[in-house]
Amino acid sequence: MGAMIETEGLTRVFNSTTAVEDLTLSIREGEVFGFLGPNGAGKTTTVRMLCTLIAKTRGMAHVNGLDISDPDEAMKIRQIVGLLPEMPGLYERLSAYRNLDFYGRLYGLDETKRRESIERFLKLLDLWEKREDSVATFSKGMRQKIVIARALIHDPLVLFLDEPTAGLDPEAAKTVRDFILELRKERRTIFLNTHNLDEAGRVCDRIGIIRTKLIAVGTPNELSDKLWKKNTVVNLVALEDHVVEAVKRLDLVQNVRTSNNSLICEVDNPEEANPYIVEAIVKAGGRVRSVVELQRSLEEVYLKLIKEEPSG
Amino acid sequence: MRLSKAWIVAEKDLDEFKRNRFIMTTLVSMPVILSLTPILSFLTPMLIYPTAIGEAEKLSLILMLPRFTLPLLIMIPTITPSMIASYSFVGEKTNRSLEPLLATPTSEEELLMGKSFAVFMPTMVGTWGGFMVDMALLDWVAYPLFGRLIVPDLSWAMAMLLLSPSFCILSIEANVLVSSRMNDVRAAQQIGGLVVMPVMLIYFGSLTNFFPLAPSNMLIIFSIAVVTVLLLGSITKKVFQREEILTKWR
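If you're matching them up, the sequences are chains A and B in order.
Using the working numbering, the letters of the first sequence correspond one by one to residues 4 to 315.
Using the working numbering, the letters of the second sequence correspond one by one to residues 2 to 251.
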């Protein structure tokens, strides 16, 4: 599948402050891409540039092959992207239906298509019964659902979500996350700005970590692999010295540490090394309870990358 | 620019105005107060004490009434937008609804035109409503005495058709500029309301006969208003840009 979003050296400078520097990215069609970074890292600025809300200072960017800096193509980009901004920005005095209808009209949908689309999303998000209620009476979670429906009303190819679960209670946040997962099934390209590492880990195919400059990009596992060697953890019934020595003698194992009754073996390729490790332990008289690959959480990956990178 | 898009924005704003008690009160009260106060303050004593004023004085007073009321009527399209436009633009800004709006395939001109149109329409309805009420009252009192309608004359027609719309547009433009720098609706209304100052000068100029609202003077005022509308319009267009709104509007 081709790239839906492509940037090369994308840079934005506000007066003397560089918000985004030299961003080079390629996001495939149908991919859910998570953009992580601390406050002020340039996440929102990137989304605004890609949505053609603000101009770039340098570099280039294309959304579905359309150039963000060309005014005519920018208008076409706005037609094919949906934006869920950090703040809902709903019209409080208007009903949920009227809010969505207004946006549907701005996106040029005819009345039938608007009605169908609004009904579909409000039913999907469990708000159809409240369609005529003023948004002012809605809870934060309900408002966020309306904002999601608003971003999707015109069936966009690309969806930009800027902190979609920020400030929501766990139940509402779960509803929003589940909805993102539903959208993922539809193979819609999603660009997700978030602080929530757990959320990013659960819904994103790939992650980009930014702090003015792009620090790293890849799947959570790829990012982890770049930072740490792979480790196989073998839990034993009892830890004995000759068992440890037997494992240390293996060429496929680079380093062995112990912790309680566990052996932590640093390896290049766990799939290749694990059978030899188990065989060596058993031959040495050790008894294996379990063998697992040590998984680093996205939080560990993120914190290590952010700590290592000097602030921009 | 697609007028259909601008109309969508205008309709939405009008829909919001209808649900906003403050705006509805402003839209109704401004024309009522400014059109009825001068006339009633003149006519009430005449109606309550019909013999206290001589016939000649009464005729002179009635003939003077159009001159007193006209400057107040042209204040309606100047004051009303300052109340509504500030709400429309600052409200949208503080509500953070401009970002998703700007992310739609709608041009800045269409948004600006739509929002301005939403302020212009009810303001002009109120203004012309005020003119109609005053004309009806004045002619109702004057016709039996003079056997003819005393208004509208050329001055009134010019005030209705030239000055009022241009003052209204001027006020909207000034308020868009004020709104770009303000985050509080009431503060924006107060500062935006300063646009009424030049109209106050016209009012006092007319009352003191230093600058009467005669057709020739009105043409001068209208010319100045048009030049200012064009000047402010180009500044407003520069201020009302996506980039400017999202990065510089405070």
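All residues carry an ideal CB built from backbone N, CA and C; glycine is no exception.
Note that the coordinates shown come from a computational prediction; the quantities given were computed from them, not determined experimentally.
{"Check": "Could you work out which residue in A:Thr49, A:Pro41 and A:Thr235 is closest to A:Gln298 when comparing CA atoms only?", "Outcome": "A:Thr235"}
{"Check": "With a threshold of 8 Å between beta-carbons, can B:Ser180 be considered close to chain A, or not?", "Outcome": "no"}
{"Check": "If you run the structure through DSSP and keep just helix, strand and coil, what is A:Ile8?", "Outcome": "strand"}
{"Check": "Looking only at its chain, what residues have a beta carbon closer than 8 Å to the beta carbon of B:Ile77, apart from the 5 residues adjacent to it on each side?", "Outcome": "Met31, Pro32, Leu35, Ser36, Thr124, Gly127, Thr128, Gly131 and Ser165"}
{"Check": "How is A:Cys268 classed by DSSP in three states: helix, strand or coil?", "Outcome": "strand"}
{"Check": "What does B:Ser87 reach in chain A if we use C-beta pairs closer than 8 Å?", "Outcome": "Those do not exist, as B:Ser87 stays about 17 Å from chain A at its closest Cβ, beyond 8 Å."}
{"Check": "As a quick exercise: from B:Ile203, B:Ile221, B:Gly206 and B:Ser181, pick the residue whose alpha carbon is nearest that of B:Ile236.", "Outcome": "B:Ser181"}
{"Check": "Is B:Ser36 close to chain A? Criterion is C-beta to C-beta, closer than 8 Å.", "Outcome": "no"}
{"Check": "Can you tell me whether B:Lys239 is buried or exposed? The criterion is at least 16 other CB atoms within 10 Å of its CB, across all chains shown.", "Outcome": "exposed"}
{"Check": "For the candidate residues B:Leu41, B:Phe23 and B:Ala143, whose alpha-carbon lies nearest to that of B:Lys59?", "Outcome": "B:Ala143"}
{"Check": "Would you kindly check if the distance between the Cβ of A:Val247 and the Cβ of A:Leu266 is under 8 Å?", "Outcome": "yes"}
{"Check": "Buried or exposed: A:Gly37, going by 16 or more other Cβ atoms within 10 Å of its Cβ?", "Outcome": "buried"}
{"Check": "Taking 8 Å as the cut-off, decide whether the C-beta atoms of A:Cys268 and A:Val281 are in contact.", "Outcome": "no"}
{"Check": "With a Cβ-Cβ cutoff of 8 Å, do A:Gly45 and A:Ala64 count as a contact?", "Outcome": "no"}
{"Check": "Find the residues of chain A that neighbour B:Ala215, judging by a C-beta separation of less than 7 Å, and give them in chain order.", "Outcome": "Near B:Ala215 there are no residues of chain A at all, since even the closest Cβ is about 45 Å away, more than 7 Å."}
{"Check": "To the nearest whole angstrom, what separates the beta carbons of B:Phe121 and B:Ile75, a pair I think is in contact under 8 Å?", "Outcome": "Actually they are not in contact, since the Cβ atoms of B:Phe121 and B:Ile75 sit about 15 Å apart, beyond 8 Å."}
{"Check": "Since A:Val304 and A:Ser227 are thought to touch, with beta carbons under 8 Å apart, how far apart are those beta carbons, to the nearest angstrom?", "Outcome": "5 Å"}
{"Check": "With three or more C-beta pairs closer than 8 Å as the rule, is the region 110-127 of chain A touching the region 202-209 of chain A?", "Outcome": "no"}
{"Check": "Quick one: Cα of A:Gly55 to Cα of A:Ala77, how far?", "Outcome": "For clarity, residue 55 of chain A is Thr in the given sequence; the question names Gly instead. Distance between the alpha carbons of A:Thr55 and A:Ala77: 6 Å."}
{"Check": "Whose CA, out of A:Glu225, A:Met90 and A:Ile218, lies closest to the CA of A:Lys311?", "Outcome": "In the sequence on display, residue 311 of chain A carries Glu and not Lys. Answer by Cα proximity: A:Ile218."}
{"Check": "Using CA coordinates, which residue listed in A:Val66, A:Asp201, A:Asn18 and A:Lys188 is at the minimum distance from A:Lys177?", "Outcome": "A:Asp201"}
{"Check": "What is the residue span of the alpha helix (DSSP H) that A:Lys286 lies within?", "Outcome": "Pro273 to Lys286"}
{"Check": "Just confirm the distance between the C-beta atoms of B:Glu1 and B:Met2, as a whole number of angstroms; I'd bet it's less than 8 Å.", "Outcome": "Nothing can be reported for residue 1 of chain B: it is not among the residues displayed for chain B, which extend from 2 to 251."}
{"Check": "Which one of B:Phe90, B:Leu15 and B:Phe168 has the shortest CA to CA distance from B:Leu195?", "Outcome": "B:Phe168"}
{"Check": "How about A:Leu86 and A:Phe163: do their beta carbons lie closer than 8 Å?", "Outcome": "yes"}
{"Check": "Please work out which residues of its chain come closer than 6 Å, Cβ to Cβ, to B:Thr107, disregarding the five sequence neighbours upstream and downstream, and give them in chain order.", "Outcome": "Lys6"}
{"Check": "Taking Cβ-Cβ distances shorter than 7 Å, what residues in chain A pair up with B:Ala104?", "Outcome": "Cys54, Leu56, Arg81 and Leu86"}
{"Check": "May I ask you to list the residues that DSSP assigns as paired with A:Ile2?", "Outcome": "The displayed coordinates of chain A run from 4 to 315. Any statement about residue 2 of chain A would go beyond what the structure contains."}
{"Check": "Could you say which of A:Pro167, A:Asn196, A:Leu160 and A:Val161 lies nearest to A:Ile149 if we only look at CA atoms?", "Outcome": "A:Pro167"}
{"Check": "Is it the case that the region 83-98 of chain A contacts the region 152-162 of chain A, given that we only count it when at least three CB pairs across the two stretches are under 8 Å?", "Outcome": "yes"}
{"Check": "Tell me which same chain residues have a C-beta within less than 6 Å of the C-beta of A:Glu9, skipping the five on either side of it?", "Outcome": "Ser29 and His65"}
{"Check": "Below 8 Å CB to CB, which residues in the same chain sit around B:Thr229 once its five sequence neighbours on both sides are set aside?", "Outcome": "Leu171"}
{"Check": "Can you tell me the Cα-Cα spacing of B:Pro51 and B:Thr45, whole angstroms?", "Outcome": "10 Å"}
{"Check": "Strictly under 8 Å for the Cβ-Cβ distance: is A:Met145 near chain B by that measure?", "Outcome": "no"}
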